[in-house]
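Numbering (the working numbering), first residue to last: 35 to 167.
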């Protein structure tokens, strides 16, 4: 269940709306990156050689481990892998947590609007997967 700061109903509605719009934009952009092969590039691999099913593969892995896709994967992808530069590493594109290369994007879309490491926003896995397909 998502928790938002206390305030008036109107303020809560605005926070939820802003969060939902940003999340939608982030997910759409991820599919662009995935299509380009820029997500999940093997260590020492070339940009463009990432899995075209990276998002689905990670979803399946999280679900298999009884995890929460947003909390256990997407937050780390958004607010750490894509948003934080790793220039101290031999390969700045390599992201240890996922054991693959993920580009640093340096932009507002992947900057956290909340303290994601200490606040819990757990969205149901079903939100990210259509089981009826």
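Where a beta carbon is used, it is the ideal one built from N, C-alpha and C, also for glycine.
ask   = According to the neighbour-count rule (16 or more other Cβ atoms, all chains shown, within 10 Å of its Cβ), is residue 35 buried or exposed?
value = Numbered from 1 along the chain shown, position 1 holds the residue referred to as residue 35. For residue 35, the predicted model reports a pLDDT of 41, less than 50, meaning its position is unreliable; a value from the coordinates is still stated below. Looking at its Cβ environment, which holds fewer than 16 other Cβ atoms inside 10 Å, residue 35 is exposed.
ask   = Once you ignore the five residues that flank residue 104 on each side, which residues in its own chain have a CB closer than 6 Å to its CB?
value = Numbered from its first residue, the chain shown carries residue 104 at position 70. 157, listed in sequence order.
ask   = Alpha carbon to alpha carbon, how far is residue 82 from residue 53?
value = Position 48 of the chain shown holds residue 82. Position 19 of the chain shown holds residue 53. Approximately 30 Å, taken between the alpha carbons.
Assigned exposure category for residue 129 - 16 Cβ within 10 Å defines buried = To locate residue 129, count along the chain shown from 1; it is residue 95. It is buried - the Cβ of residue 129 has at least 16 other Cβ atoms within 10 Å.
message = Extract the residue ranges of the alpha helix (DSSP H) inside the segment 50-112, only unbroken runs of 4 or more that lie entirely within it.
response = 88-98
query = According to DSSP, what are the bridge partners of residue 135?
reply = As a first step, residue 135 is located in the chain shown; it is residue number 101 there, counting from the start. Partner(s): 75 and 128.
task = Measure from the C-beta of residue 74 to each C-beta in chain C and report whether the shortest distance is under 8 Å.
result = In the structure shown, chain C does not exist; there is a single protein chain.
query = Cα separation between residue 75 and residue 67?
reply = What you label residue 75 is simply residue 41 of the chain shown in a count that begins at 1. What you label residue 67 is simply residue 33 of the chain shown in a count that begins at 1. Answer to the nearest angstrom: the Cα atoms are 11 Å apart.
ask   = In whole angstroms, what is the alpha-carbon distance linking residue 141 and residue 106?
value = For the purposes of this step, residue 141 is identified with residue 107 of the chain shown, where counting begins at 1. For the purposes of this step, residue 106 is identified with residue 72 of the chain shown, where counting begins at 1. The alpha-carbon atoms of residue 141 and residue 106 are separated by roughly 22 Å.
query = Which residue's Cα is closest to the Cα of residue 113: 44, 165, 64 and 48?
reply = Counting from 1 along the chain shown, the entry for residue 113 is found at position 79. Among 44, 165, 64 and 48, the Cα nearest to that of residue 113 is on 64.
task = Quick one: residues in its chain with C-beta nearer than 8 Å to the C-beta of residue 93, no 5 flanking neighbours on either side, listed in chain order?
result = Reading the chain shown from its first residue, position 59 is the one you call residue 93. Here the set comprises 103, 107, 159, 162 and 163.
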